[in-house]
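Numbering (the UniProt record's numbering), first residue to last: 1 to 448.
See below for the structure under consideration.
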């Protein structure tokens, strides 16, 4: 590849320049930006959701699939187990999925998996478009790193599907490399042996202009690809999905489901994401992976690694004579809430937003106080590093209890019904996902 040769030349040149200094020479490489090794005893909810992003993040299936996604996952012995089991007296299955809260543009994605073995199974590892800057959805784009379908006829245990959708749906793109195991007509890798007899490593490089799929460190294909919406613009950043679907008349369930073979489990040893960097943070490997593609060949240049988002920071001023302690503030039922919300807003971020502040019961989720201000009209105290401090006044919380102070931004979007919650980043002491549609800023302990 011409691009690969160019990167290698630049790398050698940087080493020659550095020989004259005491600073060690570093070449560009992979930087680990997300990982879960599943070494605990429960799912890390700050990293993962367990439903699709649609229907207010509650969607539990697509189309006519037979599974219903529930919290049917177990973390044990260093792996995540997504288990599908038949519901007695019904034609549905309880199954499980995970969706990353964190979003990405480009990078190397790797998961070590053990695939299930039953007709009707449909586990997948894929990248799906998240919210755009206005809180809207777009489809396409979509990247299916792999889909493992067993229907017993057209799709067998030794076959694996891999494809990507851009603005022109599934229109085939030009391939610059194609392994003999990959059948272009069906976008399937066909192995000599069944793929559900042992652990395997799926790897995928997503660059701005191409994608490459790897299986156990072997390159299967490289093809041209761009992550574009239907209107030809760059799509929103992607989140990661790993799910265990069952059935669906058009594919996995085309020839029925072998109910007697269930329960079945889709096992995941780890998930890692690395992005290419030209800085000294770059490494030859993606974390401890031994099958990472060579960054000199598969590296890329990109203007961004994620969509810039407003970031909510720690609230330090709420009541004049009281300060939070480790994200917790003790109040009386007569203390008014005079809040200063620090928020770091990206350059060129749209100003047609409304900022909301609210207090809700930590147990029931019932809102007890709220206020909102158009972002264009608020007075800001400009702090260091571009941080704005926005003042709010909320009434005192009249009842004792444990509450949470939260904040969010909404946008009025043409063609959409009602305001849309826009994606934000949460950098506070309250434990929560780093990317969300709202942020919890403080825990409030209210006493008389």
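Where a beta carbon is used, it is the ideal one built from N, C-alpha and C, also for glycine.
Values in this document were obtained by computation on a predicted structure and should not be read as measured data.
Put residue 129 into one of helix, strand or coil per three-state DSSP.
strand
Residue 206 bridges to which residues according to DSSP?
107 and 211
Nearest-angstrom Cα separation, counted from residue 336 out to residue 273:
45 Å
Alpha carbon to alpha carbon, how far is residue 339 from residue 315? Give it in angstroms, no decimals.
8 Å
Whose C-alpha, out of 246, 279 and 160, is nearest the C-alpha of residue 118?
246
What's the C-alpha gap between residue 212 and residue 123?
20 Å
Roughly how many angstroms separate the alpha carbons of residue 251 and residue 277, rounded to a whole number?
39 Å
Helix or strand or just coil, what does DSSP make of residue 238?
strand
Runs of beta strand (DSSP E) lying entirely within the segment 372–410, each at least 3 residues, in chain order:
380–382 and 387–394
Could you give the DSSP three-state label for residue 24: helix, strand or coil?
Its pLDDT being 41, under 50, residue 24 is placed unreliably by the model, and nothing is read from it.
With three or more C-beta pairs closer than 8 Å as the rule, is the segment 393–411 touching the segment 280–291?
no
Return the Cβ separation of residue 305 and residue 177 in integer angstroms, given the expectation that the two are a contact with Cβ distance under 8 Å.
At roughly 25 Å, the Cβ-Cβ gap does not stay under 8 Å, so residue 305 and residue 177 are not in contact.
For residue 451, the three-state DSSP class (helix, strand or coil):
Outside the displayed range of the chain (1 to 448) lies residue 451, so it cannot be described from this structure.
Is the segment 79–93 touching the segment 136–151 in the sense that three or more CB pairs, one from each, lie closer than 8 Å?
no
Closest residue to residue 356 among 364, 346, 341 and 349 (Cα-Cα distance):
341
Exposed or buried, which one is residue 239 when buried takes at least 16 other CB atoms within 10 Å?
buried
Pair within 9 Å by beta-carbon distance, residue 133 and residue 423:
yes
Leaving out five residues before and five after residue 150 in sequence, what residues of the same chain have Cβ atoms less than 6 Å from its Cβ?
119, 121 and 157
Identify whether residue 296 lies in helix, strand or coil by the three-state DSSP scheme.
helix
Compute the Euclidean distance between the alpha carbons of residue 17 and residue 147, then round it to the nearest angstrom.
Summary for residue 17: the model assigns pLDDT 40, below 50, so the residue's position carries little reliability; its value from the coordinates is reported in the next sentence. Going from the Cα of residue 17 to the Cα of residue 147 covers about 46 Å.
So the candidates are 160, 208, 101 and 152; which of them puts its Cα closest to the Cα of residue 36?
101
Residue 392 to residue 370 span [Cα, whole Å]
10 Å
Beta-bridge pairing of residue 358 - partner residues as DSSP gives them:
370 and 406
To the nearest angstrom, how far is it from the Cα of residue 387 to the Cα of residue 317?
15 Å
Range covered by the beta strand (DSSP E) that runs through residue 332:
328–332
CA-CA distance, residue 425 and residue 378?
20 Å
For residue 59, the first and last residue of its enclosing beta strand (DSSP E):
It is not in any beta strand (DSSP E) - residue 59 carries neither H nor E in the DSSP assignment.
To the nearest angstrom, report how far apart residue 399 and residue 368 are at their CA atoms.
10 Å
With residue 397 and residue 333 assumed to form a contact (beta carbons below 8 Å), what rounded beta-carbon distance in angstroms separates them?
6 Å
With residue 439 as the anchor, note down where its beta strand (DSSP E) starts and where it stops.
439–447
CA-CA distance, residue 152 and residue 255?
7 Å
Cutoff 8 Å; reference residue 287; Cβ partners in own chain excluding five residues on either side:
32, 35, 272 and 274
Does DSSP put residue 290 in a helix, in a strand, or in coil?
coil
What is the DSSP secondary structure of residue 164, counted as helix, strand or coil?
strand
Close-in-space but distant-in-sequence residues of the same chain around residue 453 (CB under 8 Å, 5 per side omitted):
Because the chain in this structure spans residues 1 to 448, residue 453 falls outside the shown range and cannot be described.
Could you give the uninterrupted runs of the beta strand (DSSP E) lying entirely in the segment 67–125, keeping only those of 3 residues or more?
67–69, 73–76, 79–86, 93–95, 97–100 and 107–114
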